[in-house]
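Line by line, the protein sequences are chains A and B. Going from the first sequence to the working numbering is simple: count from 1 and add 254. Going from the second sequence to the working numbering is simple: count from 1 and add 47. Before any comments, here is the structure.
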Amino acid sequence: MTIESALLDLGGAIDYPPTPDFDTPQSKRRAPLWWAVAAAVIALALVTTLVPAVRERVTAWLGIRGVTIERTQTFDPIVSSDVSLGDPTTLEDAPISFAPVMLPALGDPQGTFVDEAGRLTLAYLEDGHVLLLTQFVGDLEPAILKQVAAEAEVELVEVNGEAAIWIGSGSHVVFFIDTEGTVAEDRGWLAQPTLLWEAGDVTLRLEGAATREQAIAFAESVDQ
Amino acid sequence: MIDAARAGDEGAYAALIRRYSDLAFRAAYLVTRNSADAEDACQEAFAKAYRALLRFRVGAPFRPWLLRIVTNEARNRMRSNRRHENLRIRAVSGIHVLDADPADRILTEEARRSLLVAVEDLALQDREIITYRFFLDLSVAETAQALSIAEGTVKSRLARALSRLSEHIVEEEHS
Chain A
255 MTIESALLDL GGAIDYPPTP DFDTPQSKRR APLWWAVAAA VIALALVTTL
305 VPAVRERVTA WLGIRGVTIE RTQTFDPIVS SDVSLGDPTT LEDAPISFAP
355 VMLPALGDPQ GTFVDEAGRL TLAYLEDGHV LLLTQFVGDL EPAILKQVAA
405 EAEVELVEVN GEAAIWIGSG SHVVFFIDTE GTVAEDRGWL AQPTLLWEAG
455 DVTLRLEGAA TREQAIAFAE SVDQ
Chain B
48 MIDAARAGDE GAYAALIRRY SDLAFRAAYL VTRNSADAED ACQEAFAKAY
98 RALLRFRVGA PFRPWLLRIV TNEARNRMRS NRRHENLRIR AVSGIHVLDA
148 DPADRILTEE ARRSLLVAVE DLALQDREII TYRFFLDLSV AETAQALSIA
198 EGTVKSRLAR ALSRLSEHIV EEEHS
């Protein structure tokens with residue numbers, strides 16, 4: 255008998271503890287309570303989620319890495335049920351490849367999500383409103399597509415002396431682009447006013463601040 | 048089935064877990080030597096595997112890919128304070144031997160115990176290789192992927208570990 259077959263024989267005779275019943279990740283995962291609040295807020299927006307009926311590809315390269323902005327003429331309403339922030343996690347356990355940018359002015363995040371493309375989204379409750387801070391390592395591949403209605407306000411602003419973009423009033427839809435480069439059109443949502451900027455290698459988007467000034471103040475409280 | 052699980056079919060995913068849970072749990076147990084740690088490692092690994100399914104290359108072998116995630120989770124829990132258990136051998140009850148000479152087919156219980164002691168005495172790296180390759184009956188390629196090392200490394204470590212085990216057995220026979 256060879257040593258290999260002796261080991262195979264031995265392996266077959268090992269008395270392992272009984273295999274436990276494993277839950278599927280869905281049954282185990284429980285969204286934190288605050289998420290119910292956020293879901294309610296975002297659900298309101300989702301009913302009026304829009305897709306562009308006529309897409310006029312006037313893609314503006316405004317210099318924020320990983321972000322593409324398109325002007326569109328009209329939007330058709332669709333209903334989407336998926337905000338697609340990714341899976342709930344914690345800052346310590348988040349499977350991301352970069353050091354997250356924290357904004358002390360926002361306090362501690364109430365929720366942390368990472369999606370399949372490694373984008374980190376921190377959710378905050380500020381005066382009963384949900385603010386979402388999404389960040390990722392911006393490279394040349396677009397990771398976020400913004401479709402902005404013709405009448406929407408898009409402004410070049412400054413955050414810590416660097417160029418930033420403020421998308422204020424008027425319809426704008428955000429789509430996260432997946433790792434294959436595909437825009438999941440049914441997963442976009444009608445975004446609240448949003449500030450886009452960069453901090454080092456990281457591209458950030460802050461959605462939901464009440465005013466442009468407040469958004470910039472949050473962004474400038476950066477602690478890296 | 049993997050394609051169905053990728054498409055978000057939770058039933059298919061549950062079936063995938065059922066199919067691989069024995070193997071995954073045993074692998075995690077071989078590393079952690081504690082059933083609670085092994086269970087935690089598997090639960091976390093299944094969740095991570097599920098989230099990573101979108102990145103999983105269609106057609107690539109699923110089993111070693113899952114085992115790699117399980118192994119990493121198990122290694123993360125190796126240094127937990129929980130009690131480390133020794134491997135045990137199932138009580139022999141009614142082995143049906145079809146061959147005329149059973150010694151050619153199976154080891155005696157005593158020989159099994161002696162070999163297990165020798166395996167347990169190996170350095171951690173060698174023990175991982177031996178238990179994954181032979182106790183879990185993985186191919187060299189699967190062992191390499193599960194342990195995140197090159198196939199050549201698996202082969203050289205296996206050769207070294209096997210020669211140590213052989214020495215051990217020879218010593219036993221002569222003692």
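Cβ coordinates follow ideal geometry from the N, Cα and C atoms, glycine included.
Check: For chain B, is any of its Cβ atoms less than 7 angstroms away from the one on Thr273 of chain A?
Finding: Here residue 273 of chain A corresponds to residue number 19 of the first sequence, with the count starting at 1. So, interface residue.
Notebook entry, point to check: Ile116 of chain B touches chain A at which residues, Cβ-Cβ below 8 angstroms?
Noted result: Mapped onto the second sequence, residue 116 of chain B falls at position 69. Correct list: empty, because the minimum Cβ distance to chain A is about 11 angstroms.
Notebook entry, point to check: Quick one: Cα of Ile177 of chain B to Cα of Leu205 of chain B, how far?
Noted result: Residue 177 of chain B sits at position 130 when you count from the first residue of the second sequence. Residue 205 of chain B sits at position 158 when you count from the first residue of the second sequence. Each residue's alpha carbon lies about 7 angstroms from the other.
Item checked: Which residues DSSP lists as bridging Trp451 of chain A, in chain order -> Translated into positions along the first sequence, residue 451 of chain A becomes position 197. As DSSP reads the structure, Trp451 of chain A sits in a beta bridge with A:Leu458.
Item checked: Residues near Glu412 of chain A in its chain [Cβ-Cβ closer than 7 angstroms; skip 5 each side] -> Along the first sequence, read from residue 1 onward, the residue named residue 412 of chain A stands at position 158. Once the five neighbours on either side are set aside, the close Cβ partners of Glu412 of chain A are Ala418.
Notebook entry, point to check: Just checking, does the segment 207-220 of chain B make contact with the segment 155-162 of chain B on the three C-beta pairs under 8 angstroms criterion?
Noted result: Yes, they touch.
Checklist line | Beta-ladder partner(s) of Trp420 of chain A, from DSSP | finding: Position 166 of the first sequence holds residue 420 of chain A. A:Glu409, A:Leu449.
Notebook entry, point to check: Is Phe352 of chain A near Val456 of chain A, with beta carbons less than 7 angstroms apart?
Noted result: For this step, residue 352 of chain A is matched to residue 98 along the first sequence. For this step, residue 456 of chain A is matched to residue 202 along the first sequence. Against a cut-off of 7 angstroms, the Cβ pair of Val456 of chain A and Phe352 of chain A comes out as a contact.
Notebook entry, point to check: If you drop the 5 nearest sequence neighbours on each side, which residues of the same chain put their C-beta closer than 8 angstroms to that of Ser475 of chain A?
Noted result: Position 221 of the first sequence holds residue 475 of chain A. Close CB contacts of Ser475 of chain A within its chain, under the 8 angstroms cut and outside five residues either way in sequence, are with Leu357, Pro358, Ala359, Leu360 (chain order).
Notebook entry, point to check: Listing by chain order, which chain B residues have their CB less than 7 angstroms from the CB of Ala267 of chain A?
Noted result: Along the first sequence, read from residue 1 onward, the residue named residue 267 of chain A stands at position 13. Within chain B, the residues Ile136, Arg137, Arg159 have their CB atoms less than 7 angstroms from the CB of Ala267 of chain A, given in chain order.
Checklist line | As assigned by DSSP and simplified to three states, the class of Leu145 of chain B | finding: Within the second sequence, the letter at position 98 stands for residue 145 of chain B. Low local confidence applies: a pLDDT of 42 at Leu145 of chain B is under 50, so the model's placement there is unreliable, with the coordinate-based value given in what follows. Three-state DSSP puts Leu145 of chain B in coil, outside helix and strand.
Next item on the list: Could you tell me which chain A residues have their CB closer than 7 angstroms to the CB of Glu86 of chain B, listed as they occur along the chain?
Entry: By 1-based counting over the second sequence, the position of residue 86 of chain B is 39. In chain order, Pro274 make up the part of chain A whose C-beta sits under 7 angstroms from the C-beta of Glu86 of chain B.
Margin query: Using 7 angstroms as the threshold, is the C-beta distance between Arg122 of chain B and Asp84 of chain B below it?
Written below: For the purposes of this step, residue 122 of chain B is taken as the residue at position 75 of the second sequence. For the purposes of this step, residue 84 of chain B is taken as the residue at position 37 of the second sequence. No, the pair does not count as a contact, with Cβ atoms beyond the cut-off.
Note to self: In the DSSP assignment, the alpha helix (DSSP H) including Gly265 of chain A goes from what residue to what residue?
What the structure shows: Residue 265 of chain A sits at position 11 when you count from the first residue of the first sequence. It spans 257-266 - the alpha helix (DSSP H) in which Gly265 of chain A sits, taken as one unbroken run.
Checklist line | Listed by chain order, chain A residues near Phe181 of chain B by CB distance under 8 angstroms | finding: If you number the second sequence from 1, residue 181 of chain B lands on position 134. Result: Glu258, Leu261, Leu262, Leu264, Gly265.
Notebook entry, point to check: List, in order along the chain, the chain B residues whose C-beta lies closer than 8 angstroms to that of Tyr199 of chain A?
Noted result: In the structure as shown, chain A begins at 255 and stops at 478. Residue 199 of chain A is therefore absent and cannot be evaluated.
Next item on the list: Establish whether the CB of Leu209 of chain B and some CB of chain A are separated by less than 7 angstroms.
Entry: As a first step, residue 209 of chain B must be located in the second sequence, where it is residue number 162. Yes, Leu209 of chain B counts as interfacial toward chain A.
Next item on the list: Quick one: using the 10 Å Cβ neighbour count with 16 as the cut-off for buried, is Asn81 of chain B buried or exposed?
Entry: Residue 81 of chain B sits at position 34 when you count from the first residue of the second sequence. Buried: at least 16 other Cβ atoms inside 10 Å.
Checklist line | Against chain A: residues of the segment 180-199 of chain B by CB proximity under 9 angstroms | finding: Going along the segment 180-199 of chain B in chain order, one finds Arg180, Phe181, Phe182, Leu183, Asp184 with a Cβ nearer than 9 angstroms to chain A.
Check: Is it buried or exposed for Asp369 of chain A, if we count other Cβ within 10 angstroms and need 16 for buried?
Finding: By 1-based counting over the first sequence, the position of residue 369 of chain A is 115. Classification for Asp369 of chain A: buried.
Check: Ser68 of chain B touches chain A at which residues, Cβ-Cβ below 7 angstroms?
Finding: For the purposes of this step, residue 68 of chain B is identified with residue 21 of the second sequence, where counting begins at 1. For Ser68 of chain B, the chain A residues whose Cβ falls inside 7 angstroms of its Cβ are Thr273, Phe276, in order along the chain.
Check: When you compare only the Cα positions, how much space is there between Arg130 of chain B and Trp420 of chain A?
Finding: Along the second sequence, one-based indexing puts residue 130 of chain B at 83. Along the first sequence, one-based indexing puts residue 420 of chain A at 166. Roughly 56 angstroms separates the two Cα atoms.
Next item on the list: Using a cut-off of 9 angstroms between C-beta atoms, extract the partners of Leu212 of chain B located in chain A.
Entry: Translated into the one-based positions of the second sequence, residue 212 of chain B becomes position 165. Neighbours of Leu212 of chain B on chain A, chain order: Ile257, Ala260, Leu261.
Item checked: Gly199 of chain B in three-state terms, based on DSSP -> Within the second sequence, numbered from 1, the residue matching residue 199 of chain B stands at position 152. Three-state result, Gly199 of chain B: helix.
Next item on the list: Starting from the Cα of Thr448 of chain A, find the closest Cα among A:Ala348, A:Gly454, A:Leu387 and give me that residue.
Entry: Reading the first sequence from its first residue, position 194 is the one you call residue 448 of chain A. That would be A:Leu387, whose Cα lies nearest to the Cα of Thr448 of chain A.
Checklist line | Contacting residues, own chain, Cβ-Cβ under 8 angstroms from Thr343 of chain A (five flanking each side not counted) | finding: Your numbering for residue 343 of chain A matches position 89 in the first sequence. Pro349, Thr366, Phe367, Val368, listed in sequence order.
Checklist line | Residue from B:Ala170, B:Arg207, B:Ala71, B:Val201 with nearest C-alpha to Pro111 of chain B | finding: Counting from one through the second sequence, the residue named residue 111 of chain B turns up at place 64. Nearest in C-alpha terms to Pro111 of chain B, of all of B:Ala170, B:Arg207, B:Ala71, B:Val201, is B:Ala71.
Item checked: Span separating the alpha-carbon of Ala260 of chain A from that of Lys202 of chain B -> Residue numbering aside, residue 260 of chain A sits at position 6 when the first sequence is read from its first letter. Residue numbering aside, residue 202 of chain B sits at position 155 when the second sequence is read from its first letter. Distance between Ala260 of chain A and Lys202 of chain B, taken at the CA atoms: about 18 angstroms.
Note to self: Within the continuous alpha helix (DSSP H) that includes Leu163 of chain B, where are the two ends?
What the structure shows: Locating residue 163 of chain B in the second sequence gives position 116, counting from the first residue. Where Leu163 of chain B is concerned, the enclosing alpha helix (DSSP H) stretches over 156-168.
Notebook entry, point to check: Out of curiosity, what's the CA-to-CA distance linking Asp184 of chain B and Arg174 of chain B?
Noted result: As a first step, residue 184 of chain B is located in the second sequence; it is residue number 137 there, counting from the start. As a first step, residue 174 of chain B is located in the second sequence; it is residue number 127 there, counting from the start. C-alpha separation (whole angstroms): 14 angstroms.
Notebook entry, point to check: Which residues bound the alpha helix (DSSP H) around Phe367 of chain A?
Noted result: Start at 1 with the first residue of the first sequence, and residue 367 of chain A comes out as number 113. Phe367 of chain A -> not in any alpha helix (DSSP H); beta strand (DSSP E) instead, spanning 365-368.
Note to self: Assuming Pro342 of chain A is part of the beta strand (DSSP E), what are its boundary residues?
What the structure shows: Taking the first sequence and counting its residues from 1, one reaches residue 342 of chain A at position 88. The continuous beta strand (DSSP E) containing Pro342 of chain A extends over residues 341-343.
Checklist line | Option in A:Leu450, A:Gly422, A:Ala463, A:Ser423 with minimal Cα separation from Gln389 of chain A | finding: Translated into the one-based positions of the first sequence, residue 389 of chain A becomes position 135. Residue A:Leu450 is the option with its Cα nearest to Gln389 of chain A.
Check: Straight-line CA distance for Ala445 of chain A to Gly462 of chain A?
Finding: Locating residue 445 of chain A in the first sequence gives position 191, where the first residue counts as 1. Locating residue 462 of chain A in the first sequence gives position 208, where the first residue counts as 1. Rounded to whole angstroms, Ala445 of chain A and Gly462 of chain A show a C-alpha spacing of 8 angstroms.
Margin query: Rounded to whole angstroms, what is the Cα-Cα separation between Arg180 of chain B and Gln90 of chain B?
Written below: Here residue 180 of chain B refers to the residue found at position 133 of the second sequence. Here residue 90 of chain B refers to the residue found at position 43 of the second sequence. As the crow flies, the alpha-carbon of Arg180 of chain B is around 23 angstroms from that of Gln90 of chain B.
Check: Just reading off the beta strand (DSSP E) that Leu379 of chain A is part of, what are its end residues?
Finding: Locating residue 379 of chain A in the first sequence gives position 125, counting from the first residue. In the DSSP assignment, Leu379 of chain A falls within the unbroken beta strand (DSSP E) covering 374-380.
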